[in-house]
Amino acid sequence: MSNGQKTPECNMHEALVSYLYNEATADERVSVEGHLTRCAACKEELNSFERVRGMLQQWQLDDLPVVRVVAERASIDRSLLTVLKELLSVTPIWAKALGAVAMSVLVLAVLGTDVRVGKDGVSFHADLFRRGQAASPVAGSNVELPTANIEQVRAEVKGLVNQLIAESERQQRDDLKAQLVSLESQLNNMHSADLSKLATRIQEQQARLRTIERDIDRREGLDLTDILFSEVSRPGERSTTGGSD
Amino acid sequence: MELSDIQIIERTLGGETDAFNLLVRRWERQIYGLTLRMLGRDEEAKDATQETFLSAYRNLSKFRGEAKFSSWIYRIALNICNTRLRSRAKFTLSLDEQREMSGFELAADTDDLGSGIQQEQITRHVRRALQGLPPEMRQVIIMKEYEGLKFSEIAEVLGIPISTVKTRMYTGLSELRKRLSHLREAV
Chain U
1 MSNGQKTPEC
11 NMHEALVSYL
21 YNEATADERV
31 SVEGHLTRCA
41 ACKEELNSFE
51 RVRGMLQQWQ
61 LDDLPVVRVV
71 AERASIDRSL
81 LTVLKELLSV
91 TPIWAKALGA
101 VAMSVLVLAV
111 LGTDVRVGKD
121 GVSFHADLFR
131 RGQAASPVAG
141 SNVELPTANI
151 EQVRAEVKGL
161 VNQLIAESER
171 QQRDDLKAQL
181 VSLESQLNNM
191 HSADLSKLAT
201 RIQEQQARLR
211 TIERDIDRRE
221 GLDLTDILFS
231 EVSRPGERST
241 TGGSD
Chain F
1 MELSDIQIIE
11 RTLGGETDAF
21 NLLVRRWERQ
31 IYGLTLRMLG
41 RDEEAKDATQ
51 ETFLSAYRNL
61 SKFRGEAKFS
71 SWIYRIALNI
81 CNTRLRSRAK
91 FTLSLDEQRE
101 MSGFELAADT
111 DDLGSGIQQE
121 QITRHVRRAL
131 QGLPPEMRQV
141 IIMKEYEGLK
151 FSEIAEVLGI
161 PISTVKTRMY
171 TGLSELRKRL
181 SHLREAV
């Protein structure tokens, strides 16, 4: 075995590192292990690297950052549905009500309801209520529905319209809420860079403050040392003086 | 069955907004570990982690799947760290940091080196010693020691030969051995 001095044979850094991390090939392993039996310097180096690795492992993570990326997506590529939701969220309530009425008229049309305005007021004629009668009424044979039925239809239509308006309002509230959350996330992301700069500046200033504090402490320490030394030296001076007296 | 990184990327690109969160949750610890040990400052590391994932998301369509996603995102994180390290002006560093960055020996805090040395103190010394290494050595050691990457994977992330990775590893460990020698008796 060598006497702790490195030789040209020790020039096997790559193989040594591979061996240290169990990534050596079979040939490298044989070569390194053979060399380590002859070279005390390399053996000590390997041991010291293992100690360093042990120290490095002492530094472990304490906490994790909160990473938010998805909120960013909303601002990058908005789907058609998102655009539609945004459009609905800015639509005034009267427009929504109008839409609801239009939708109810459409529903009535699908049901085959005939609405007429005449001398007797508004009359509704629905195929739905005439099941069992001829599918196509004879021209001019306008069968009036009983008042109770008209009221019932009115109430149903009114209920339907109210329900649609309520649904529309609820949708508007939900969309507004979602939009606010999205907006908040976007704002946070937009300002993250600024906040980062601010945090860095604060850290820098804190570091400078610490440096200044250390300098002050050091100076105060020196001053204190001077005082202490002067205090210690005075009695000696006195005794010398006393002795001479 | 757990989705692979590639499957998650495909879903994200296909319009599943939340899918990218899976990738974030899967890799945030590793990326934060890398940025923290590269930058040495907690808050800056958190910002760099956020920046890394945002950058990955914005450039997700450019990821072609030729390399592993982990290699790709590690590379993004290292680029961000290196940019931040370069932009650090000398005058903003504390005296200790300046001394470490310029390669001076780390002064041993003799009060720490009693028999009862605490893990926190060792961590502080390790942190400082790592910060004193040149970034190209530091990143190799961090990826090997803390991220557990193989030498071939580190070479892929950095785009350098494996032999260069091993040489940097050897030099970095030799430097750390010197810088941490005062802890040898204490540990």
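Residue numbers (my numbering), protein chains in the order written: chain U, 1 to 245; chain F, 1 to 187.
Built from N, CA and C at the ideal position, the CB exists for glycine as well.
*asked:* Rounding to the nearest angstrom, what Cα-Cα distance links R128/F and V181/U in this structure?
replied: 41 angstroms
*Return no unless some Cβ of chain U is closer than 8 angstroms to the Cβ of Q139/F.*
no
*Starting from P8/U, trace the alpha helix (DSSP H) both ways and give me its first and last residue.*
No alpha helix (DSSP H) holds P8/U; DSSP gives it neither H nor E.
_For V66/U, tell me which candidate among V24/F, I73/F and L39/F has the shortest Cα-Cα distance._
V24/F
*For the alpha helix (DSSP H) containing V67/U, list its first residue and its last residue.*
No alpha helix (DSSP H) holds V67/U; DSSP gives it neither H nor E.
*asked:* I'd like to know if A199/U contacts chain F, where contact means its C-beta is closer than 8 angstroms to some C-beta of that chain.
replied: yes
*If contact means a Cβ-Cβ distance below 9 angstroms, which residues of the stretch 47-65 of chain U contact chain F?*
S48, F49, R51, V52, R53, G54, M55, L56, Q57, Q58, W59, Q60, L61, D62, D63, L64 and P65
*For D5/F, decide whether its Cβ has a neighbour in chain C, counting only Cβ atoms nearer than 8 angstroms.*
The structure shown contains no chain C; the protein chains it does contain are U and F.
*Inter-residue spacing [alpha-carbon to alpha-carbon] between L152/U and V105/U*: Reading off the sequence shown, one finds Gln at residue 152/U, where the question assumed Leu. Distance between the alpha carbons of Q152/U and V105/U is about 16 angstroms.
*Work out the CA separation of R51/U and T37/U for me, nearest whole Å.*
20 angstroms
*Quick one: which chain F residues come within Cβ less than 8 angstroms of H13/U?*
K166, T167 and Y170
*Go through its chain and collect everything with a Cβ distance to L39/F's Cβ below 8 angstroms, but skip five positions before and after it.*
A45, A48, C81, R84 and L85
*What residues from chain U crowd round I122/F, counting only those whose CB sits closer than 9 angstroms?*
M55, Q58 and W59
_Taking a contact to mean a Cβ-Cβ separation below 8 angstroms, would you say G148/F touches L61/U in this structure?_
no
*Backbone secondary structure at Y19/U - three-state DSSP*: helix
_Output needed in chain order: residues of the stretch 60-79 of chain F with a Cβ under 8 angstroms from some Cβ in chain U._
none
*Listed by chain order, chain U residues near G33/F by CB distance under 8 angstroms*: L61
*Pick helix, strand or coil for E2/F, following the three-state DSSP scheme.*
coil
*Does V246/U have its Cβ less than 8 angstroms from a Cβ in chain F?*
The structure shown does not extend to residue 246/U, since chain U spans only 1 to 245, so no value can be given for it.
*Grab the span of the alpha helix (DSSP H) containing C81/F for me, first residue to last.*
F69 to S87
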